[in-house]
Ligand code: IMP
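Numbering (my numbering), first residue to last: 1 to 194.
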């Protein structure tokens, strides 16, 4: 079964394809969608819905859109819904990570939560949201070379490594996105079997 993922991020595509094995996951490039979607929602759930609804105007296929935020306690939950553009509209992953490490320079509390919302839009118009979250700590420096985004500075609770130091299989077992994807997978299997 085809599922469109509202992204061209190759790391996300791999994570989604690894967890939703058995489904044919199509990127936005593969369906010929190349417009920019404005993420104007006040929450990650709203942004995931904005993205999925926009893509569904261009395809009849089942579509999923994820939106992620890193919520840092000592910064009143910043960057949160603004995680992609924390250091500015055109910020790179490195710009965002640098800004975050600087903002936490003199803070003792480095706790943070990675939250992921995945919106699903079915061909019949039905919509659902699946959530995943992982508590952790912001590292004092970059550690590891895997993954993307904030991976080199996020240490999930119960581990002594950042996301970027984990293998992709390890990250897929515990990440915020993996948790939301597993909920989604269970739902799809449930409706297929009823
Ligand atoms: P988006 O909502 O998925 O576009 O992500 C918002 C911000 O969080 C972007 O800066 C991403 O790079 C970052 N991000 C999303 N998912 C992850 C992840 O799994 N690890 C690290 N950073 C992520």
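Where is the CB? At the ideal position from N, CA and C, for every residue including glycine.
**Request:** Please indicate yes or no: does the CB of residue 195 lie closer than 6 Å to some heavy atom of the ligand IMP?
**Result:** Nothing about residue 195 can be reported from this structure: the residues present for the chain run from 1 to 194 only.
**Request:** Name the one or two DSSP bridge partners that residue 156 has.
**Result:** 136
**Helix, strand or coil at residue 37 [DSSP, three-state]** = coil
**Element boundaries [alpha helix (DSSP H), containing residue 10]** = 10-19
**Asked** Taking all protein chains shown into account, do 16 or more other C-beta atoms lie within 10 angstroms of the C-beta of residue 191, making it buried, or fewer, making it exposed?
**Response** exposed
**Message:** Here's a check: name, in chain order, each residue in its chain whose Cβ is nearer than 7 Å to the Cβ of residue 159, leaving out the five neighbours to either side.
**Reply:** none
**Request:** Count the other CB atoms, across all protein chains shown, that sit within 10 Å of the CB of residue 152; report buried if there are 16 or more and exposed otherwise.
**Result:** buried
**Asked** Taking 6 Å as the cut-off, does the CB of residue 150 come closer than this to any heavy atom belonging to the ligand IMP?
**Response** yes
**Prompt:** Do the stretch 10-20 and the stretch 163-171 make contact, defined as three or more Cβ pairs closer than 8 Å?
**Reply:** yes
**Item:** Whole-angstrom C-beta distance between residue 182 and residue 45, which should lie under 8 Å
**Value:** Actually they do not touch by this definition, with Cβ atoms about 18 Å apart.
**Request:** Would you check if there are 3 or more beta carbon pairs closer than 8 Å linking the stretch 90-101 to the stretch 21-38?
**Result:** no
**Prompt:** Terminal residues of the continuous alpha helix (DSSP H) containing residue 74?
**Reply:** Unbroken run through residue 74: none, as it is neither H nor E.
**Item:** Residues bridged to residue 120 (per DSSP)
**Value:** 64, 128
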